[in-house]
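Undergrad: First, the structure itself, so that you have it in front of you.
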Amino acid sequence: MHPLKRTLPLLSAVALAAAGFAAQADDRRHDRDRPMACADLTQLDLPHTRIVSATEMAAAPFPFPDPAPTCASPIASPNLPAFCRVIGVIEPQITFEVWLPTKGAWNGKFQAFGNHGFAGTIDYADLGPELVKGYAIASTDAGHAGADPLPWMQNRQQIIDYGYRGVHEMTVKSKEIVKAYYGKKAKYSYFNGCSTGGKEGLMEAQRYPDDYDGIVSGHPNFDQIGNRTQYVWNSQVSFGANPPAPLAGAKLTLINNAVTAACDARDGVVDGVIDDPRGCPWKPSSLLCTAGQNPATCLTQIEVTALEKIYAGPTDSRGRQIYPGMVKGSERGWAGTSAGPNVPGTADQFFKYMVFNDLNWNYRTFSFDSDYRYAVRNFGHLINAVDPDLSEFKKKGGKLLHYHSYRSTTHTAPKSIEYYEEVNSVMNRGKDDDFRKTQDFYRLFMAPGGSGNKGPEKFDPLPYLERWVEQGVAPTRIIASNITAGVVDRTRPLCPWPQVSVYKGSGSIDAAENFACKDTRDDDDDHHHHGHGHGHDHHNHGHGHDRD
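The numbering used here runs 294 ahead of the 1-based position in the sequence shown.
Below, the structure is given as structure tokens:
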């Protein structure tokens, strides 16, 4: 027999076997792409992850506690649609949930929601509104359960998970669950968060530029060490004064009234709102008591000094600024930060349990030199999201929508402007006055307002971000509302920094159409300072409450 003929049956068998293996591989690929039933998701094999439960939830009234959303837009109806609720744990103990709309109700997109404070919980109130809109929505406790700072603040892995790893791991695993349930990947992925969640969004852009197509970062507390150092500073200079000068209650109302009277009209319209308080020239010494004056109508010299230091913000012994001060016009919201006798809880827990691990730590002895430097050196790389190099995020095509209200008192707004200008400097190699390259992928919107006034700041940022990501239409103005007793009583455009909202000169000052976005930095020296100067100077906001 010819040698070639003897090899033909063998070759045929090999070919058949190869074809069989290929068919099995095709079947496996097909199985991977075939939508899974909700209950079967518990069998999903994800690295270092255990799916605890996967439950079909019937349409029903909102079944979870805390129905008031903190960052998300309000739920139009208290009812949730039917969905598949998946609960998982990523090693060592990052709990996360993914809520999956029924296959016919899914909008094809994935969204993750950020945390508040020190995390430790999943904010169901933030998930509900987004589920109603059709998103596959996820969130995490960031690696520890509950509000107790012990023992997680002494556990380095849990600090890392809180600082950056928890959200990233939730993102990767949630996307796999979405793909398994629907049989295909989400078309677009978005991150949405405010406060600590805003920091998490910036951290994602900085560390994991592949995770999201678009990120909303609202009122971000991204320099967490500087922010909590500011809390210590405010407590030291007010209640720590000798004698103590607690600034609270009627004193804050007195100060706020004086600031508003002096600076309200600077933005071209008298409306009870200081649009950009950084240039407000009002001086605390103007309220200094004179001989025989009613002390309820003025400030003592010790109170004046404390107020000046709170506006200035914390500095080290050489006068170098650590963090921007509280802004003028926000005084009515200071009660928790300047009244004493104790430092706000988040700062107390942070330094006592995480940084120094000293149950006897006392804010009065904190050094703004050695103690601050120690905190940054040992924890800054774990929890702060301050890296201004976003070149990888831009290269991947990501879009970042960042907003901050001047009303914020838990993390003061000028810090966001400082960061945006730092990013712009890095992206443009030091050419600070040209924001166009930065605005191609990253836009900052500053909302006017202070405590107790009608500064419009409520809006849903996601539709603006989606148009940018999906259609290439960058937001040129965001319409924000003020709502009193459930009624919209003022709208204004929020403008991409460094533009500001300017009254056109006619029509209602409560209607957005009567305002235009303009770059006024070159109008006069003061506005020029507004554009480039760094600000050395629980509220409702874009969609809820600003929490540390």
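The C-beta atom is built at its ideal place from N, Cα and C for all residues, glycine as well.
Beta-carbon separation of Gln500 and Asp681 under 9 Å?
TA: For this step, residue 500 is matched to residue 206 along the sequence shown. For this step, residue 681 is matched to residue 387 along the sequence shown. A contact, by the Cβ cut-off of 9 Å.
Undergrad: Secondary structure at Tyr700, three-state DSSP: helix, strand or coil?
TA: In the sequence shown, counting from the first residue as 1, residue 700 sits at position 406. If DSSP states are grouped into helix, strand and coil, Tyr700 belongs with coil.
Undergrad: Taking the Cβ atom as the reference point for each residue, do Val553 and Pro571 lie within a distance shorter than 9 Å?
TA: Working through the sequence shown from its first residue, we reach residue 553 at position 259. Working through the sequence shown from its first residue, we reach residue 571 at position 277. Yes, Cβ-Cβ distance for Val553 and Pro571 is below 9 Å.
Undergrad: Can you tell me where the beta strand (DSSP E) with Gly512 in it begins and where it stops?
TA: Here the question's residue 512 lines up with position 218 in the sequence shown. 508-512 is the span of the beta strand (DSSP E), which, as asked, contains Gly512.
Undergrad: When we look at the beta-carbon of Phe358 and count the other beta-carbons within 10 Å, is it buried (16 or more) or exposed?
TA: Your numbering for residue 358 matches position 64 in the sequence shown. Phe358 is exposed by the Cβ-count criterion.
Undergrad: Using 8 Å for Cβ pairs, my map puts Ser489 next to His410. What's the rounded Cβ distance?
TA: The residue labelled residue 489 in the question sits at position 195 within the sequence shown. The residue labelled residue 410 in the question sits at position 116 within the sequence shown. Yes, they are in contact, since the Cβ atoms of Ser489 and His410 sit about 5 Å apart, within 8 Å.
Undergrad: For Ile381, which residues of its own chain have a beta-carbon under 6 Å away from its beta-carbon, when the five flanking residues on both sides are left out?
TA: Here residue 381 corresponds to residue number 87 of the sequence shown, with the count starting at 1. Once the five neighbours on either side are set aside, the close Cβ partners of Ile381 are Val346, Ser347, Glu391.
Undergrad: Please work out which residues of its chain come closer than 6 Å, Cβ to Cβ, to His705, disregarding the five sequence neighbours upstream and downstream, and give them in chain order.
TA: Walking along the sequence shown from the start, residue 705 turns up at place 411. Result list for His705: Asn515, Asn521, in chain order.
Undergrad: With a threshold of 6 Å on Cβ separation, who are the neighbours of Leu546 within its own chain once the five nearest residues in sequence on each side are excluded?
TA: Here residue 546 corresponds to residue number 252 of the sequence shown, with the count starting at 1. Excluding positions up to five away in sequence, the list reads Glu625, Arg626, Trp628.
Undergrad: Determine the direct distance from the alpha carbon of Val637 to that of Tyr700, and round the result to whole angstroms.
TA: Taking the first residue of the sequence shown as 1, we reach residue 700 at position 406. Taking the first residue of the sequence shown as 1, we reach residue 637 at position 343. The straight-line gap from Cα to Cα measures roughly 22 Å.
Undergrad: Using three-state DSSP, classify Arg786 as helix, strand or coil.
TA: Residue mapping note: residue 786 aligns to position 492 of the sequence shown, counting from 1. In the structure shown, Arg786 sits in a strand (DSSP, three-state: E or B).
Undergrad: Between which two residues does the alpha helix (DSSP H) harbouring Trp527 extend?
TA: To locate residue 527, count along the sequence shown from 1; it is residue 233. Per DSSP, Trp527 belongs to the alpha helix (DSSP H) from 518-531.
Undergrad: Report buried or exposed for Pro757, applying the criterion of at least 16 other Cβ atoms within 10 angstroms of its Cβ.
TA: Here residue 757 refers to the residue found at position 463 of the sequence shown. Pro757 is exposed by the Cβ-count criterion.
Undergrad: Thinking Val796 and Thr778 are a contact (beta carbons under 8 Å), I'd like their distance in whole angstroms, please.
TA: Looking up residue 796 in the sequence shown gives position 502. Looking up residue 778 in the sequence shown gives position 484. Wrong, their Cβ atoms sit about 24 Å apart, outside the cutoff.
Undergrad: Does the Cβ of Gln452 have 16 or more other Cβ atoms within 10 Å, making it buried, or fewer, making it exposed?
TA: If you number the sequence shown from 1, residue 452 lands on position 158. Counting Cβ neighbours within 10 Å, Gln452 comes out buried, since at least 16 surround it.
Undergrad: Hey, could you find the ends of the alpha helix (DSSP H) Cys557 is sitting in?
TA: Walking along the sequence shown from the start, residue 557 turns up at place 263. First-last of the alpha helix (DSSP H) with Cys557: 543-557.
Undergrad: Measure the C-alpha to C-alpha separation of Ile431 and Ala406 and round it to an integer number of angstroms.
TA: Along the sequence shown, one-based indexing puts residue 431 at 137. Along the sequence shown, one-based indexing puts residue 406 at 112. So the alpha carbons of these two residues sit roughly 5 Å apart.
Undergrad: Would you call Arg784 buried or exposed, if buried means 16 or more other Cβ atoms sit within 10 Å of its Cβ?
TA: For the purposes of this step, residue 784 is identified with residue 490 of the sequence shown, where counting begins at 1. Flag for Arg784 reads buried.
Undergrad: So who's on the other strand from Gly487, going by DSSP bridges?
TA: The residue you call residue 487 lines up with position 193 of the sequence shown. Note: Gly487 sits in a beta bridge opposite Ser511.
Undergrad: With DSSP run on the structure shown, which of helix, strand or coil describes Arg712?
TA: Taking the first residue of the sequence shown as position 1, residue 712 is located at position 418. In the sequence as presented, Arg is not what sits at residue 712; that position holds Glu. It is helical.
Undergrad: Express the C-alpha separation of Arg761 and Ala768 in angstroms, rounding to a whole number.
TA: One-based indexing of the sequence shown puts residue 768 at position 474. One-based indexing of the sequence shown puts residue 761 at position 467. Roughly 7 Å between the two C-alpha positions.
Undergrad: Hey, Thr631 and Asn528 are a contact pair by Cβ (cut 8 Å); roughly how many whole angstroms apart?
TA: By one-based count along the sequence shown, residue 631 stands at place 337. By one-based count along the sequence shown, residue 528 stands at place 234. Yes, they are in contact, since the Cβ atoms of Thr631 and Asn528 sit about 5 Å apart, within 8 Å.
Undergrad: Indicate the three-state DSSP secondary structure (helix, strand or coil) for Gly749 in the structure shown.
TA: To locate residue 749, count along the sequence shown from 1; it is residue 455. Correct three-state label for Gly749: coil.
Undergrad: Near Lys275, which residues of its chain fall below 7 Å by C-beta distance, leaving aside the five closest residues on each side in sequence?
TA: Limits of the chain in this structure are 295 at one end and 842 at the other, which puts residue 275 out of reach.
Undergrad: Would Tyr484 pass as a contact of Val782 if the rule is Cβ separation under 9 Å?
TA: As a working note, residue 484 is residue 190 in the sequence shown. As a working note, residue 782 is residue 488 in the sequence shown. Result no, Cβ atoms of Tyr484 and Val782 do not sit closer than 9 Å.
Undergrad: Comparing C-alpha positions only, which one of Leu581, Met447, Thr703 sits nearest to Asp642?
TA: If you number the sequence shown from 1, residue 642 lands on position 348. Asp642 has its Cα closest to that of Met447, out of Leu581, Met447, Thr703.
Undergrad: Could you tell me the distance, in whole angstroms, from the CA atom of Phe404 to the CA atom of Val472?
TA: Against the sequence shown, residue 404 aligns to sequence position 110. Against the sequence shown, residue 472 aligns to sequence position 178. About 8 Å.
Undergrad: Could you give the first and the last residue of the continuous beta strand (DSSP E) run that contains Leu738?
TA: To locate residue 738, count along the sequence shown from 1; it is residue 444. Unbroken beta strand (DSSP E) run through Leu738: 736-741.
Undergrad: Find the nearest neighbour of Val510 within the set His698, Pro742, Tyr713, judged by alpha-carbon distance.
TA: Here residue 510 is taken as the residue at index 216 of the sequence shown, counted from 1. Checked all of His698, Pro742, Tyr713; the closest Cα to Val510 is His698.
Undergrad: Rounded to whole angstroms, how far is the Cβ of Leu601 from the Cβ of Ile549, which I believe are closer than 8 Å?
TA: Residue mapping note: residue 601 aligns to position 307 of the sequence shown, counting from 1. Residue mapping note: residue 549 aligns to position 255 of the sequence shown, counting from 1. Indeed, because the Cβ distance is near 7 Å, the residues count as touching under 8 Å.
Undergrad: Mind pulling the alpha helix (DSSP H) runs of 4 or more residues that sit fully within the region 623-651?
TA: Segments of the alpha helix (DSSP H) lying fully in the region 623-651: 629-632, 639-643.
Undergrad: Using DSSP bridges, identify the partner residues of Tyr482.
TA: What you label residue 482 is simply residue 188 of the sequence shown in a count that begins at 1. Paired residue(s): Lys403.
Undergrad: What would DSSP say about Glu385, mapped onto helix, strand or coil?
TA: The residue given as residue 385 occupies position 91 in the sequence shown. Coil, per DSSP.
Undergrad: Indicate the three-state DSSP secondary structure (helix, strand or coil) for Pro682 in the structure shown.
TA: Stepping through the sequence shown from its first residue, residue 682 is reached at position 388. Residue state, collapsed to three classes: coil.
Undergrad: Which residue marks the beginning of the alpha helix (DSSP H) containing Asn588, and which one marks its end?
TA: Counting from 1 along the sequence shown, the entry for residue 588 is found at position 294. No alpha helix (DSSP H) contains Asn588, which DSSP labels as neither H nor E.
Undergrad: Could you tell me the alpha carbon to alpha carbon distance between Tyr456 and Ala436, rounded to whole angstroms?
TA: Within the sequence shown, the letter at position 162 stands for residue 456. Within the sequence shown, the letter at position 142 stands for residue 436. Distance between the alpha carbons of Tyr456 and Ala436 is about 5 Å.
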